[in-house]
Amino acid sequence: MSESSRNQGESLISRETHAATAEVAADEMFDTVSLRPDEQKYLQDHTLKKPLKVHQIWALGVGVVITGAFFGWNQGLAEGGPVGMLLASLFVCALYMMWVLALSELSVAMPFAGGPLAYGRRAIGPTFGFVMGWSMFLEALFATIGTAIATGGYISFVIGLVFENVSQNKEIQSLITLSAGLATVAIFGFIQWTGSKRQAQFMDYMTYGAIIALVWFWIACIPAVQLDRILTTPLLTHGWSGVLKAIPFAIWWLVMIETVALAPEEAHEPHRTIPRGLTLAQMTLIVLVILTWFFASAAGNDYKQTGAQEMYFPLPFVYGQVWGKDSFHLILFSIVAIFGMTASYNGMIYAVSRQSFSLGRAGYLPRILGHVHPIRRTPDVSIIFWSLVVAGFVIYGYFNADAVTIAVLTCNLTALIWYALAMVCLFVLRWRAPEMSRPYKVPLYPFLPALVLLMSLFAAVVYGWLNEAIVLWLTLGMYGVGMAYFLLYSRSNLVRAAPEELAALAGRTEK
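Per our numbering, residue -18 is the first one in the sequence shown, and the count goes up by one each step.
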């Protein structure tokens, strides 16, 4: 880079100290690529603040996932029985523990908001990068949609506990679900817009509240625990096929922890905060998963009722069986449990907006989506636009009772696709770029990432075998729309000054 260009870049940054990360990106990470002044300015104008530390990364990782303990997973009980669901959950826990260890290497080596976009772009090329970025985006979008609708439904359920006339009127319940879902979208869209640090503070509080709710549930269930409810005859009530059928629901326990891969650009010392925060989050979640499964299965009167398709909120249901549906502390527990739903929604809209921002900043999606608020340094256009899209789906959910299930299953399938693709990137980069800076390396290479690849592919095949046709067609349709836009327009209009593009052009990333 020329001295004049360097000086100009530094002078621009000095006038806006909040964009200090642009100086790092332009002058240290990419000094093998000659940047024009307008490209330096573009890089500066499209950078984010870096306030997140280890405990905030931990809270993001736990918070974005923890809704899975409150709904969705329980339908696996009906498919596989208590032990079958346990085996499916252990399979998923092993997959995700290895996944976060492998993901940490990629996210620290390429610490950009683009996450999977950066991995695919650097390893193979723009098309592969777009497929990975689009996969993560679809996963986050459908998770956000499902959680927004479910949060509205849960708030309606809690109000029904307090006011009996509400619980007996389906029309009023539906209207409350719609109103609460839209309110969730609006409130957390605003929180995200106010700044990364502010949303992280809210995430801390909501994550702690959600964990308190789960601990409360465990303690409340202790008097009713009976092991014979778990140790059924036969032990695998639907055989090994039941275990396989439970896997898609077990994935909902932990899906979306990869949101942390989108946070390195906003993390303080990402080479340290990301691996530590991500690993601690996953270990915390595994404990939450096993204990929640145990008490929900052992304290509930009948696992078939707990796992029924229409049983959207299993924990209050089991709690009511233990202490009675009219108990005052059931209402208090149900209110506290709202933290679990809202924490995950906050993390999910964070993921949607950051992935959309990175794809827009690099030109893979409309560039307006890459706009950054000049003062708050948040991707304001992406936050507002996708909040409106989610609100539209919440309204659609008012007319379609299956909207949550479809959204959750589509999210899980797109997640498995990019897990497998990410491991391909890890292997390719180890082979093609052995000199690449890797502050953190996955342990037990190549066995651990190979297991992640094989287990992800296996779970994806199970999905294709078991899922409703609408989920498969919806997934194919969304990939078709994305690829059509990329091939017909954005492929020839990529932005060289975007960090993900510069990293690929320079052939190396931040040390």
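For glycine and all other residues, C-beta sits at the position ideal for the given N, C-alpha and C.
Output the distance between the C-alpha atoms of S278 and S70, rounded to the nearest integer angstrom. Taking the first residue of the sequence shown as position 1, residue 278 is located at position 297. Taking the first residue of the sequence shown as position 1, residue 70 is located at position 89. Looking at the two C-alpha atoms, the distance is approximately 13 Å.
C-alpha gap between S418 and F93, whole angstroms: Within the sequence shown, the letter at position 437 stands for residue 418. Within the sequence shown, the letter at position 112 stands for residue 93. Inter-residue distance for S418 and F93 is about 14 Å (C-alpha atoms, whole angstroms).
Just confirm the distance between the C-beta atoms of V375 and L159, as a whole number of angstroms; I'd bet it's less than 8 Å. The count along the sequence shown starts at 1 and reaches residue 375 at position 394. The count along the sequence shown starts at 1 and reaches residue 159 at position 178. About 7 Å; that satisfies the 8 Å criterion.
If we count the other Cβ atoms within 10 Å of its Cβ and call it buried at 16 or more, is A440 buried or exposed? As a position in the sequence shown, residue 440 is number 459, starting the count at 1. With 16 or more other Cβ atoms within 10 Å, it is buried.
Reducing DSSP to helix, strand and coil, say where L212 ends up. The residue given as residue 212 occupies position 231 in the sequence shown. DSSP places L212 outside both helix and strand once states are collapsed to three, so it counts as coil.
P256 - containing alpha helix (DSSP H), residue span: Here residue 256 refers to the residue found at position 275 when the sequence shown is read from its first residue. Taken as a continuous stretch (DSSP letters only), the alpha helix (DSSP H) holding P256 covers 251 to 280.
Beta-carbon separation (whole angstroms), C406 vs Y189, contact threshold 8 Å: Here the question's residue 406 lines up with position 425 in the sequence shown. Here the question's residue 189 lines up with position 208 in the sequence shown. Rounded, the Cβ-Cβ distance is 34 Å, inconsistent with contact.
Taking DSSP as the reference, what is the three-state secondary structure of L346? Within the sequence shown, numbered from 1, the residue matching residue 346 stands at position 365. L346: coil per DSSP, three-state reduction.
Helix, strand or coil at E332 according to DSSP, with G and I counted as helix: Numbered from its first residue, the sequence shown carries residue 332 at position 351. Note on identity: in this sequence residue 332 is Ala, with Glu being the wrong assignment. For A332, the three-state secondary structure derived from DSSP is helix.
Taking C-alpha atoms, which residue in G61, Q263, M292 lies nearest to G223? Counted from its first residue, the sequence shown places residue 223 at position 242. Closest option to G223, judged by alpha-carbon separation, among G61, Q263, M292: G61.
Skipping 5 residues on each side, what residues in its chain have a beta carbon closer than 8 Å to that of L475? Walking along the sequence shown from the start, residue 475 turns up at place 494. Answer for L475: P107, A343, G344, Y345, E482, listed in chain order.
Could you work out which residue in A388, A121, S155, F230 is closest to F380 when comparing CA atoms only? The residue labelled residue 380 in the question sits at position 399 within the sequence shown. Measuring C-alpha to C-alpha distances from F380 to each of A388, A121, S155, F230 identifies S155 as the nearest.
At which residues does the alpha helix (DSSP H) containing D283 begin and terminate? To locate residue 283, count along the sequence shown from 1; it is residue 302. Premise fails: D283 is in no alpha helix (DSSP H) and is neither H nor E.
At what residues does the alpha helix (DSSP H) containing D361 begin and finish? Here residue 361 refers to the residue found at position 380 when the sequence shown is read from its first residue. Annotation: the continuous alpha helix (DSSP H) that includes D361 extends over 361 to 380.
For M79, which residues from the same chain have a beta carbon less than 7 Å from its beta carbon, with the 5 sequence-adjacent residues on both sides left out? Against the sequence shown, residue 79 aligns to sequence position 98. For M79, where only same-chain residues beyond five positions count, the Cβ hits under 7 Å are L429, L432, V433.
Quick check: what's the CA-CA separation for K178 versus M184? Here residue 178 is taken as the residue at index 197 of the sequence shown, counted from 1. Here residue 184 is taken as the residue at index 203 of the sequence shown, counted from 1. For K178 and M184, the gap between their C-alpha atoms comes out near 10 Å.
Please work out which residues of its chain come closer than 6 Å, Cβ to Cβ, to T48, disregarding the five sequence neighbours upstream and downstream, and give them in chain order. Looking up residue 48 in the sequence shown gives position 67. Same-chain partners within the cutoff: T128, G321, M322, S325.
Among all the DSSP beta bridges, which residues are the ones paired with A248? Residue numbering aside, residue 248 sits at position 267 when the sequence shown is read from its first letter. In the DSSP output, where bridge partners are listed per residue, A248 has L33.
Since G110 contacts R102 with CB under 8 Å, what's their CB separation in whole angstroms? Here residue 110 refers to the residue found at position 129 of the sequence shown. Here residue 102 refers to the residue found at position 121 of the sequence shown. Contact holds; Cβ gap of about 3 Å.
Exposed unless 16 or more other CB atoms sit within 10 angstroms - verdict on S473: By one-based count along the sequence shown, residue 473 stands at place 492. It counts as exposed.
Straight-line Cα distance separating A59 from L142: Translated into the one-based positions of the sequence shown, residue 142 becomes position 161. Translated into the one-based positions of the sequence shown, residue 59 becomes position 78. The alpha-carbon atoms of L142 and A59 are separated by roughly 25 Å.
Comparing C-alpha positions only, which one of R253, L261, W304, A244 sits nearest to N282? Here residue 282 refers to the residue found at position 301 when the sequence shown is read from its first residue. Comparing C-alpha distances from N282 to each of R253, L261, W304, A244 shows the shortest one belongs to W304.
Own chain partners of G301 with C-beta closer than 8 Å, once the 5 adjacent residues on each side are dropped: Numbered from 1 along the sequence shown, position 320 holds the residue referred to as residue 301. So the list reads S308, L311, once near-sequence residues are dropped.
Can you give the Cα-Cα distance for G258 and F138, rounded to whole angstroms? Within the sequence shown, the letter at position 277 stands for residue 258. Within the sequence shown, the letter at position 157 stands for residue 138. Going from the Cα of G258 to the Cα of F138 covers about 34 Å.
State the Cα-Cα distance for the pair I172 and I356, rounded to the nearest angstrom. Taking the first residue of the sequence shown as position 1, residue 172 is located at position 191. Taking the first residue of the sequence shown as position 1, residue 356 is located at position 375. Going by the C-alpha atoms only, they are around 15 Å apart.
Between the beta-carbon of E86 and the beta-carbon of Y377, is there less than 7 Å? In the sequence shown, counting from the first residue as 1, residue 86 sits at position 105. In the sequence shown, counting from the first residue as 1, residue 377 sits at position 396. Result no, Cβ atoms of E86 and Y377 do not sit closer than 7 Å.
Please report how far the alpha carbon of A104 lies from the alpha carbon of R413, in whole angstroms. On the sequence shown, residue 104 is found 123 positions in, with the first residue counted as 1. On the sequence shown, residue 413 is found 432 positions in, with the first residue counted as 1. Distance between the alpha carbons of A104 and R413: 8 Å.
Below 7 Å CB to CB, which residues in the same chain sit around Q56 once its five sequence neighbours on both sides are set aside? Numbered from 1 along the sequence shown, position 75 holds the residue referred to as residue 56. Residues F230, G288, Q290 of the same chain have their beta carbon placed closer than 7 Å to that of Q56, with the five preceding and five following residues left out of the count.
Below 7 Å between beta carbons: does that hold for T125 and I330? Translated into the one-based positions of the sequence shown, residue 125 becomes position 144. Translated into the one-based positions of the sequence shown, residue 330 becomes position 349. A contact, by the Cβ cut-off of 7 Å.
Which one of R477, V452, A40, A485 has the shortest CA to CA distance from T240? Counting from one through the sequence shown, the residue named residue 240 turns up at place 259. Taking only the C-alpha atoms, the option nearest T240 is A40.
When V64, A83, K22 are compared against L425, the one with the closest alpha-carbon: Here residue 425 refers to the residue found at position 444 when the sequence shown is read from its first residue. The option with the nearest alpha carbon to L425 is A83.
DSSP three-state call for V442: helix, strand or coil? Within the sequence shown, residue 442 is the residue found at index 461, counting from 1. In this structure, V442 counts as helix in the three-state DSSP scheme.
From A161, A121, E120, C202, residue whose alpha carbon lies closest to that of I140: If you number the sequence shown from 1, residue 140 lands on position 159. Residue A161 is the option with its Cα nearest to I140.
From L122, A50, A479, V112, pick the residue whose C-alpha is nearest to that of I494; which is it? As shown, the chain starts at -18 and ends at 492. That puts residue 494 outside it, with no answer to give.
Skipping 5 residues on each side, what residues in its chain have a beta carbon closer than 6 Å to that of M237? Here residue 237 refers to the residue found at position 256 of the sequence shown. Its chain contains V45, V46, A124 as the residues whose beta carbon lies nearer than 6 Å to that of M237, once the 5 sequence neighbours on both sides are disregarded; these appear in chain order.
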